[in-house]
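Protein sequences appear in the order of chains P and D. Counting along the first sequence from 1, when you hit position 134 you're at 134 in this note's numbering, and nothing is skipped either side. Counting along the second sequence from 1, when you hit position 134 you're at 424 in this note's numbering, and nothing is skipped either side. Think of the CB as a built atom: it goes at the ideal place given N, C-alpha and C, for glycine as much as any other residue. Below is one structure; the comments refer to it alone.
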Amino acid sequence: MFAAKPVNLRNQQVEGLFRLLFGIMMVVLIVPVLMIIVMLVYKGGPAFSWNFLFTFPTDGMTAGGVFPALLGTIWLVVVSLLASVPLGVAAAIYLSEYAQQEHWLTRVINLATINLAGVPSIVHALFGLGAFVLFLKFGTSILAASLTLAVMTLPVVIVASWESLQAVPRAFREACWNMGATRWQTIRQVVLPNALTGILTGIILQVSRAAGETAPIMFTGAVFFLPFLPAGVFDQTMALALHLYTISTQVPNVPESLPFGVALLLVGMVLIMNSTAIMFRMYLRGKKKW
Amino acid sequence: MSGQHTDAALAENAGDSLDANWYIDKLFQGVMFVCGISAVLFVLGIFAFVFAEGAEFVIKTINWSQFLLSPRWAPTSDYNPTYGILALIAGTASITVLAMAVAVPFSLGAAIFIAEFAKGRTREVLKILIELLAAIPSVVWGFIGLAIMNPWIIETFDVPIGLNVLNCGLILGLMAAPIITSIAEDALKAVPDTYREASEALGASRWQTTARVVLPAAKNGLLAAVLLGVGRGFGETMAVLMASGHSINLPSSVFDSVRALTATIAAELGETAVGSEHYQALFTIGIFLFTITFIINMTADWIIRGSKKG
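Next comes the structure, spelled out in structure tokens:
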């Protein structure tokens, strides 16, 4: 009985030591990033103003605002959303509501989704160039760039939608079938409304991802500089992420605050969207009655 | 799903007419199926289109021993254009290895902390932080390498240029860490609590349980997490383009500038004429990248599935 005590004490010390070690490892991962964000705010904050957001770049992009890039990013995100959301949600519906879980085709679709998410962004760019710009003859345009982004972010929508569809209890569907509803009526009237908030979370994450991507749009529709705003989906556009690359590597004599301001704007947009998605998810989890 | 034929049979047996709803149901089933296989079509499409653009180079022009073994990448040379990707592979490999050396221990440590040691609110907050870190765009990371890490490295290590393997490896490590952490945490969470309870009932401490029971049970998932981190590092483009120095080199120290496979495509594709030899060579690098990441992803999936069965 008493002989066990020193052993336990030692165990406790070892335990404490490891807890500390892993805790430190956790902190080491997070602190540099927080420092970087603080630095972005500190150096990029002063660049922020209405003028920064709503005027054109001037003096060979060494001064002025980011309006065309901001608007271009909105164009790209909205058009890619229009393509990837219906496709991704429908794919998730197929996987969740129609496909047999052990079927080989389901397995192949899941593998393809994983691989689509893992393909390097620059390979997506090559695909976009080959398929949308050249083969479908969209030219370097918002349409081609957005479709490239849509293909790239499709797995985000599929996975998030699939998870929220799976979270709807099977009993809901069975109750509906028993009323004589067809499979589609059940999905439309019962499953989708209950999964909507979860799907919305996936859409927000898609937007966040698409807004930050640079490589896939470089050769498919985004350009370094345009003196006018795009008028339609067949025009080229500037984009915020590419603008950050341009003014920090391609343009000489840019005052430091300008690229820091753009970086801060990008990080701010992405973090706000992802936080919103996380809050949605937490709200949903708290609200769920089943 | 299984009801496709029985639905029709039932409807006829019951004497129902196949009304509009039945046809609408079938129509949507078809639409959903087509969308469902879209991911497969896109993966095949990516391979087909990238291969189609690079095919001529792969079949006719390529000199395999030169392509894979020459460190000389000089596609724009007037008298002797050479397409050797060895230096680019070395660049990508050196960056990825350093990134993993940084990211793997810390990510696994962090994952163990979140899954086994942290409780309640702390755990939730840490998970959210990790998720937010994963969302920072790669071009912003590249800019951080350029504007923050570069002067820091020059000053701290007294080297002439701060855009090098060290800079890029650290940046890539920070980028890959949240991904490895969250997948590793999932793998640890997948170990049933009954294992932990059984171990603690025998008097083992939390650490003993983690080291002797949870980690061995989760090792496949952890391995997959590391592999997916490697895949991420391998395929990263913008951050690597901006922070690596982008000069062709077989690196001999972490302070050498290097050039990566992905960055080469990003930097040069805009300047090549469609269909030219150089253009096709860049697509051939694309095929190479696609193949490697495909293998990495399949292996990771295979490992995870293997662990679920066993």
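* Assign D/D591 to buried or exposed, taking buried as 16 or more other Cβ atoms, counted over all protein chains shown, within 10 Å of its Cβ. => Result: buried.
* **D/W354 classed as buried or exposed, judged by whether at least 16 other C-beta atoms fall within 10 angstroms** => Classification of D/W354: exposed, given that the 10 Å Cβ count is below 16.
* **Sufficient close CB pairs (3 or more, under 8 Å) joining the stretch 120–130 of chain P to the stretch 241–251 of chain P** => The stretch 120–130 of chain P, when compared against the stretch 241–251 of chain P, does not touch it at the 8 Å Cβ threshold.
* **Residues near P/G198 in its chain [Cβ-Cβ closer than 6 Å; skip 5 each side]** => The beta carbon of P/G198 sits closer than 6 Å to the beta carbons of S164 from its chain, once the five residues preceding and following it are set aside; these are given in chain order.
* Using the DSSP secondary-structure output, state which residues sit across from P/T58 in a beta bridge. => P/A63, per the DSSP bridge assignment.
* **Same chain, Cβ closer than 6 Å to D/G293, neighbours up to 5 away in sequence not counted** => Note on D/G293: pLDDT 44, under 50, position unreliable in the model; the coordinate value appears next. Hits under 6 Å: none found.
* Euclidean distance between Cα positions of P/S49 and P/L21 -> Each residue's CA atom was taken as its position, placing P/S49 and P/L21 some 44 Å apart.
* **Interface partners of P/W184 on chain D, CB under 9 Å** => Neighbours of P/W184 on chain D, chain order: N311, I314, D315, K316, L317, F318, Q319 and M322.
* Near-chain D residues of the stretch 228–251 of chain P (beta-carbon distance less than 7 Å), N- to C-terminal order -> Look at the stretch 228–251 of chain P: the residues with a C-beta under 7 Å from a C-beta of chain D are A241, L244, Y245, S248 and T249.
* To do: May I have a chain-ordered list of the alpha helix (DSSP H) segments no shorter than 4 residues that lie completely inside the stretch 147–211 of chain P?
  => Note on the stretch 147–211 of chain P: whole alpha helix (DSSP H) runs with a minimum of 4 residues are 170–178 and 183–186, in chain order.
* Proximity of D/T574 and D/F347 at Cβ, strictly below 8 Å -> In this structure, D/T574 places its C-beta atom within 8 Å of the C-beta atom of D/F347.
* Asked: Could you give the C-beta distance for P/A171 and D/V321, rounded to a whole number, given that I count them as a contact under 8 Å?
  -> P/A171 to D/V321, Cβ: 26 Å. No contact.
* Per DSSP, cross-strand counterpart(s) of D/W312 -> Paired residues: none, contrary to the question.
* Could you check where the alpha helix (DSSP H) with D/P468 kicks off and where it finishes? -> Per DSSP, D/P468 belongs to the alpha helix (DSSP H) from V455 to K479.
* Look up P/Y283 in the DSSP assignment and say whether it is helix, strand or coil. => Three-state result, P/Y283: helix.
* How about P/A144: is its C-beta nearer than 8 Å to some C-beta of chain D? -> Taking Cβ atoms only, chain D never reaches closer than 8 Å to P/A144, which makes this a no.
* Name the chain D residues whose beta carbon is nearer than 8 Å to that of P/N295? -> A question about residue 295 of chain P goes unanswered here, because the residues of chain P that appear run from 1 up to 290.
* Closer than 8 Å by C-beta to D/F537: which residues in its own chain qualify, once you throw out the five before and the five after it? Chain order, please. => In the sequence as presented, Phe is not what sits at residue 537 of chain D; that position holds Ser. Once the five neighbours on either side are set aside, the close Cβ partners of D/S537 are S547, V548 and R549.
* From P/A215 to D/V530, what distance separates their C-alpha atoms? -> Separation of P/A215 and D/V530 (C-alpha to C-alpha, rounded to the nearest whole angstrom) is 11 Å.
* Asked: Taking 8 Å as the CB-CB limit, is D/V340 close to chain P?
  -> At least one chain P Cβ lies under 8 Å of D/V340.
* To do: For P/K137, collect the residues of the same chain with a Cβ closer than 7 Å to its Cβ; drop the 5 residues on either side in sequence, then sort them by chain order.
  => Excluding positions up to five away in sequence, the list is empty.
* **Touch test, the stretch 384–395 of chain D against the stretch 511–521 of chain D, Cβ-Cβ under 8 Å, three pairs minimum** => Under the 8 Å Cβ criterion, the stretch 384–395 of chain D counts as touching the stretch 511–521 of chain D, having at least three qualifying pairs.
* Would you call the stretch 390–404 of chain D and the stretch 552–571 of chain D touching, i.e. three or more CB-CB distances under 8 Å? -> Judged by pairs of C-beta atoms under 8 Å, the stretch 390–404 of chain D does not touch the stretch 552–571 of chain D, as fewer than three such pairs exist.
* **Distance between D/E421 and D/R411 (C-alpha atoms, nearest Å)** => If I take the Cα positions, the gap works out to 15 Å.
* Name the residues in the stretch 91–118 of chain P whose C-beta lies less than 7 Å from a C-beta of chain D; which are they? -> For the stretch 91–118 of chain P, the residues whose beta carbon sits under 7 Å from a beta carbon of chain D are, in order, A91, I93, Y94, L95, Y98, A99, Q100, V108, I109, L111, A112, T113, I114, N115, L116 and G118.
* Asked: When you check each C-beta in the stretch 336–369 of chain D against every C-beta of chain P, which residues fall closer than 7 Å?
  -> Listed by position, the residues of the stretch 336–369 of chain D near chain P (Cβ gap below 7 Å) are I336, F339, V340, A342 and E343.
* Asked: For P/V38, which option in P/S96, P/V151, P/G286 and P/V267 has the closest C-alpha, if you only look at C-alpha atoms?
  -> Nearest of P/S96, P/V151, P/G286 and P/V267 to P/V38, Cα basis: P/V267.
* Asked: Under 8 Å, do P/V262 and P/L240 count as touching if we go by C-beta distance?
  -> Yes, these two residues count as a Cβ contact at 8 Å.
* Quick one: which chain D residues come within Cβ less than 7 Å of P/R19? -> By Cβ distance, chain D contributes F407.
* Asked: Within 8 Å (strictly less), CB to CB, does D/G596 reach chain P?
  -> Not an interface residue.
* To do: Given a cut-off of 8 Å, decide if P/W184 and P/A92 are closer than it, judged by their beta-carbon atoms.
  => Not a contact, by the Cβ cut-off of 8 Å.
* To do: Note down the Cα distance separating P/R281 from D/L398, rounded to an integer number of angstroms.
  => Roughly 26 Å separates the two Cα atoms.
* Asked: In whole angstroms, what is the alpha-carbon distance linking P/A160 and D/P450?
  -> Rounded to whole angstroms, P/A160 to D/P450 spans 46 Å at the Cα level.
* Asked: Are any of the Cβ atoms in chain P nearer than 8 Å to that of D/D448?
  -> With 8 Å as the cut-off, D/D448 does not count as an interface residue toward chain P.
* Asked: Near P/L95, what residues of its chain come up, given a Cβ to Cβ distance below 7 Å and the 5 sequence neighbours on each side ignored?
  -> So the qualifying residues of the chain are T106, I109 and W162.
* chain P beta carbons: is any one of them nearer than 8 Å to that of D/C325? -> The beta-carbon of D/C325 is placed less than 8 Å from the nearest beta-carbon of chain P.
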